[in-house]
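Engineer: Sharing a structure with you now.
Numbering (the working numbering), first residue to last: 46 to 417.
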């Protein structure tokens, strides 16, 4: 009898204990996803140093707003002034995950150089293809005041980006997208940063080490093995996208690109579409409006020109004085009241005849002097 009761007690325990544990798990999950529980968990994470957070509102499964969030994940440093995430509950029965709107304001993303060991591991193991387990849809995407800085010094800043996205399996489709205030700055080469040397008055000029290095490099051309290694390395550096990206309607307004040598490219409107998959990138029919290219001045021109109050460059006083001194140095020292006539023979077929036939110079010359 006792054995029978013990057996049925164990059977009931096997049924009741999992249900009891499941109930506690559901209760804990409900508390964690509630506004109160989410606030407590986010506060505990900030106190333990996982990230920095000033304030939070709402719940993760309803609407969540984070203020002044900052975190570090390996070589990536991210800081956000405001993150607003709102879920849509009308897609769960259709097997999709929908986000009503996602807004990011004041994002600062900085990518630092990875350690040599980690970089070698990343190069050996290329990124594979990403496949989403279920479709994802973002109905309204807004990125405001975003700045991205890469490890090599490249900076990408834009004022406003608005779009919508749909993702399925390994494909992402951006709907009508508009990007405003795009500014891209490419870093200068190490040589261009080290070459200028400031004078006493602060005017930049080429330093002697830079000139010597340029002459030495010009006199020693690269060998065939080095050229072959550089070609192989350039061919091996390809970017593999883990997802296929399609943006059929993309409009970029007020774009500025600054190259490392100082070249400035400005574009009012850029309308096109993008199709990217793995290492291939193709542009749809493109339209450019208001393209302006400003080339940098040479070092000599920078030294010879001054900027006026209106912003228009003009010759500096030092440049004018140097030109006059150079002209006086090479001017022939002829006595005053001299006369010099320069004529081409009539049979001469020189192309400069029409320009030199009216050249006259008057100065007194002694009888033994002769000019030809």
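All C-beta atoms in this analysis are idealised placements derived from N, C-alpha and C, irrespective of residue type, glycine included.
Can you tell me whether residue 95 is buried or exposed? The criterion is at least 16 other CB atoms within 10 Å of its CB, across all chains shown.
Structural biologist: Locating residue 95 in the chain shown gives position 50, where the first residue counts as 1. Per the 10 Å Cβ criterion, exposed.
Engineer: Relative to the alpha-carbon of residue 83, which residue among 51, 100, 128 and 105 has its alpha-carbon at the smallest distance?
Structural biologist: For the purposes of this step, residue 83 is identified with residue 38 of the chain shown, where counting begins at 1. Answer by Cα proximity: 105.
Engineer: Opposite residue 143 in the DSSP bridges: which residues?
Structural biologist: Your numbering for residue 143 matches position 98 in the chain shown. According to DSSP, which records beta bridges pairwise, residue 143 is partnered with 133 and 182.
Engineer: Check the C-beta distance from residue 175 over to residue 288 and give it rounded, since I have them as a contact under 8 Å.
Structural biologist: Within the chain shown, numbered from 1, the residue matching residue 175 stands at position 130. Within the chain shown, numbered from 1, the residue matching residue 288 stands at position 243. 6 Å between Cβ atoms; contact.
Engineer: What residues are listed by DSSP as bridge partners for residue 148?
Structural biologist: On the chain shown, position 103 is the one that residue 148 refers to. Per DSSP, 129 and 187.
Engineer: If you draw a straight line from the C-alpha of residue 195 to the C-alpha of residue 157, how long is it?
Structural biologist: Within the chain shown, the letter at position 150 stands for residue 195. Within the chain shown, the letter at position 112 stands for residue 157. Between residue 195 and residue 157, the C-alpha separation is close to 7 Å.
Engineer: Comparing C-alpha positions only, which one of 140, 301, 295 and 323 sits nearest to residue 329?
Structural biologist: Working through the chain shown from its first residue, we reach residue 329 at position 284. For the residues 140, 301, 295 and 323, the minimum Cα distance to residue 329 belongs to 295.
Engineer: Note down, in chain order, each residue of its chain lying with its Cβ closer than 6 Å to the Cβ of residue 221, except the 5 sequence neighbours on either side.
Structural biologist: Taking the chain shown and counting its residues from 1, the one referred to as residue 221 is at position 176. Within the same chain, residue 221 has close Cβ partners 294.
Engineer: Near residue 290, what residues of its chain come up, given a Cβ to Cβ distance below 6 Å and the 5 sequence neighbours on each side ignored?
Structural biologist: For this step, residue 290 is matched to residue 245 along the chain shown. Excluding positions up to five away in sequence, the list reads 217 and 321.
Engineer: Taking the Cβ atom as the reference point for each residue, do residue 152 and residue 183 lie within a distance shorter than 8 Å?
Structural biologist: In the chain shown, residue 152 corresponds to position 107, counting from 1. In the chain shown, residue 183 corresponds to position 138, counting from 1. Result no, Cβ atoms of residue 152 and residue 183 do not sit closer than 8 Å.
Engineer: Tell me which residue opens and which closes the alpha helix (DSSP H) that residue 82 is part of.
Structural biologist: Position 37 of the chain shown holds residue 82. That run of the alpha helix (DSSP H) goes 80–92.
Engineer: Between which two residues does the beta strand (DSSP E) harbouring residue 335 extend?
Structural biologist: Taking the chain shown and counting its residues from 1, one reaches residue 335 at position 290. Looking at the DSSP string, the run of the beta strand (DSSP E) that includes residue 335 is 332–339.
Engineer: Please state whether the Cβ-Cβ distance between residue 181 and residue 142 is less than 8 Å.
Structural biologist: The residue given as residue 181 occupies position 136 in the chain shown. The residue given as residue 142 occupies position 97 in the chain shown. Going by C-beta atoms, residue 181 is nearer than 8 Å to residue 142.
Engineer: Nearest-angstrom Cα distance between residue 92 and residue 120?
Structural biologist: Here residue 92 corresponds to residue number 47 of the chain shown, with the count starting at 1. Here residue 120 corresponds to residue number 75 of the chain shown, with the count starting at 1. Cα to Cα, residue 92 sits roughly 22 Å from residue 120.
Engineer: So, helix, strand or coil for residue 47, using DSSP?
Structural biologist: Locating residue 47 in the chain shown gives position 2, counting from the first residue. Of the three classes helix, strand and coil, the one that applies to residue 47 here is helix, per DSSP.
Engineer: Note down the Cα distance separating residue 65 from residue 50, rounded to an integer number of angstroms.
Structural biologist: Taking the chain shown and counting its residues from 1, the one referred to as residue 65 is at position 20. Taking the chain shown and counting its residues from 1, the one referred to as residue 50 is at position 5. Straight-line Cα distance between these residues: approximately 21 Å.
Engineer: Determine the burial state of residue 334: buried for a count of at least 16 other Cβ atoms within 10 Å of its Cβ, exposed for fewer.
Structural biologist: On the chain shown, residue 334 is found 289 positions in, with the first residue counted as 1. Per the 10 Å Cβ criterion, exposed.
Engineer: What residues match up with residue 212 in a beta bridge as DSSP calls it?
Structural biologist: For the purposes of this step, residue 212 is taken as residue 167 along the chain shown, with counting starting at 1. Looking at the DSSP assignment, residue 212 forms a beta bridge with 181 and 217.
Engineer: In three-state terms, what does DSSP make of residue 321?
Structural biologist: In the chain shown, counting from the first residue as 1, residue 321 sits at position 276. The answer is strand: DSSP assigns residue 321 an E or B state.
Engineer: Starting from residue 293 and walking both ways along the beta strand (DSSP E), at which residues does that stretch end?
Structural biologist: For the purposes of this step, residue 293 is taken as residue 248 along the chain shown, with counting starting at 1. Taken as a continuous stretch (DSSP letters only), the beta strand (DSSP E) holding residue 293 covers 289–303.
Engineer: Near residue 99, what residues of its chain come up, given a Cβ to Cβ distance below 7 Å and the 5 sequence neighbours on each side ignored?
Structural biologist: The sequence position of residue 99 within the chain shown is 54, counting from 1. 112 and 113.
Engineer: For residue 68, which three-state DSSP category applies?
Structural biologist: To locate residue 68, count along the chain shown from 1; it is residue 23. Helix at residue 68.
Engineer: Going by beta-carbon coordinates alone, are residue 286 and residue 323 separated by less than 8 Å?
Structural biologist: Walking along the chain shown from the start, residue 286 turns up at place 241. Walking along the chain shown from the start, residue 323 turns up at place 278. Contact flag set, yes.
Engineer: So, at 6 Å on beta carbons, what are the nonlocal neighbours of residue 54 in its own chain, with the 5 sequence-adjacent residues on each side left out?
Structural biologist: Position 9 of the chain shown, counted from the start, is the residue given in the question as residue 54. Closer than 6 Å at Cβ, skipping near neighbours: no residue.
Engineer: Assign residue 62 to one of two classes, buried (16 or more other C-beta atoms within 10 Å of its C-beta) or exposed (fewer than that).
Structural biologist: Numbered from its first residue, the chain shown carries residue 62 at position 17. Exposed, by the Cβ-count rule.
Engineer: Around the C-beta of residue 325, are 16 or more other C-beta atoms found within 10 angstroms, so that it is buried, or is it exposed?
Structural biologist: If you number the chain shown from 1, residue 325 lands on position 280. Exposed, since its Cβ has fewer than 16 Cβ neighbours within 10 Å.
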